[in-house]
Structures are given as structure tokens and as C-alpha cells.
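Participant: I'd like to ask some things about the structure below.
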Amino acid sequence: MARVQLALNVSDLNEAIGFYTKLFGSPPAKVRPGYANFAVVDPPLKLVLIEEPDTRGAGVAGALNHLGVEVMTPEEVGAAAHRLDAEGLETDEQQATTCCYALQDKVWVEDPDKTPWEVYTVLADAPVESTREGDGTCCVTEEIAEAPSNACC
Numbered sequence: 124m125a126r127v128q129l130a131l132n133v134s135d136l137n138e139a140i141g142f143y144t145k146l147f148g149s150p151p152a153k154v155r156p157g158y159a160n161f162a163v164v165d166p167p168l169k170l171v172l173i174e175e176p177d178t179r180g181a182g183v184a185g186a187l188n189h190l191g192v193e194v195m196t197p198e199e200v201g202a203a204a205h206r207l208d209a210e211g212l213e214t215d216e217q218q219a220t221t222c223c224y225a226l227q228d229k230v231w232v233e234d235p236d237k238t239p240w241e242v243y244t245v246l247a248d249a250p251v252e253s254t255r256e257g258d259g260t261c262c263v264t265e266e267i268a269e270a271p272s273n274a275c276c
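261 is the number that this note's numbering gives to position 138 of the sequence shown; each next residue is one higher, with no gaps.
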């Protein structure tokens, strides 16, 4: 089973958790400092909430952070990377990367307006948010990480 992922920047994580719990009739699957995700069954959706207080300056509350498609296996990520490459899209593959408090394999592409999309699988839970040292970024390609207006999940 695959499901679409929607990652949103929110100004108040607890308030957003309350709203989306009511909206989807389901509590979050994971809550960490500044981060929560929901594994919604109906409609099939991975909803990610990323708290973006003004002091962080990396994102805009209420704005889209990134989009994704969660798949079940690393092989599906590899197949997606191969297919996207064959279609002539520029890809950025990441294997065994820690992001969103999870160890993941993923491939990134950007749409024509530079909206980041990832196809990813979760390999294991992780106690930390990112493996990138010092810059606080994850869930973004290297190019996106360099742009000050994009946030980490």
C-alpha cells in the first residue's frame, strides 16, 4: 500500500494536533518536539506537522513544507528512482538517512515550481530528527537545504 504524504508548517503544534485529531478522527502516530505525524487510514494519508515558530525563520506557518508518497519497501523506492530517472527528472537519492524521527530510504524530485516531492519508506524509528550535522535540516534535498525559505521536517 502506498499513501500520499502532506507535510505542513504549523505555528502551534499542540493546537494543530488537536485540530487534525478531530478532523481525521485519529490521534497522531508519533509526537516529538516540534513534530507530529498521523497515519490516517481513511483517506490513506501520512500527515506531517512541523512546528515553525517565528524564531526559527525556516518556514511559514500554514504553508506547505513538502509532499511525498510513502511506500512499503526500499525496493519500491529504488523502482521509483529508476522510473523518475528514466522520465528525465533530476533525482536526489538518500539511503539510510535519518529524517522526521525515522530512518528512511528516499528519492527526491522537484516539480516545475520547485515544490519538493519525496518517495520514501520508513526503515525504523529514530530518536533524533536529522543526520545532517549542525544545520538542522532534513527532509529536503541538498539544493533545498541551501535555500533559507525551506524548512526541515
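Each residue gets a CB set at the ideal place from its N, CA and C atoms; glycine is no exception.
Just to check, is the beta-carbon of Y224 closer than 7 Å to a non-hydrogen atom of the ligand MN?
Facilitator: Absence of the ligand MN is noted for the structure shown, with no ligands found whatsoever.
Participant: Report the start-end ranges of each beta strand (DSSP E) in the stretch 188-248 that is 3 residues or longer and not cut off at the edges.
Facilitator: As far as the stretch 188-248 is concerned, its whole beta strand (DSSP E) runs of at least 3 residues are 215-222, 225-233 and 239-248.
Participant: For A125, does the three-state DSSP call read helix, strand or coil?
Facilitator: Position 2 of the sequence shown, counted from the start, is the residue given in the question as residue 125. If DSSP states are grouped into helix, strand and coil, A125 belongs with coil.
Participant: Could you please give the first and the last residue of the uninterrupted alpha helix (DSSP H) stretch that includes F174?
Facilitator: Residue 174 sits at position 51 when you count from the first residue of the sequence shown. Here residue 174 turns out to be Glu, not Phe, going by the sequence shown. Premise fails: E174 lies in the beta strand (DSSP E), L168 to E174, not in any alpha helix (DSSP H).
Participant: Using a threshold of 8 Å, state whether the C-beta atoms of A152 and A162 are closer than that.
Facilitator: Numbered from 1 along the sequence shown, position 29 holds the residue referred to as residue 152. Numbered from 1 along the sequence shown, position 39 holds the residue referred to as residue 162. It is a contact, given that the beta carbons lie within the stated cut-off.
Participant: Quick check on the DSSP output: the beta strand (DSSP E) that includes A159 runs from which residue to which?
Facilitator: Along the sequence shown, read from residue 1 onward, the residue named residue 159 stands at position 36. Run containing A159: Y158 to V163, per the beta strand (DSSP E) assignment.
Participant: Tell me, to the nearest whole angstrom, how far the beta carbon of A202 is from that of E216; I am working on the premise that it is less than 8 Å.
Facilitator: Counting from 1 along the sequence shown, the entry for residue 202 is found at position 79. Counting from 1 along the sequence shown, the entry for residue 216 is found at position 93. Going by Cβ atoms, the distance from A202 to E216 rounds to 12 Å, so no, they are not a contact pair.
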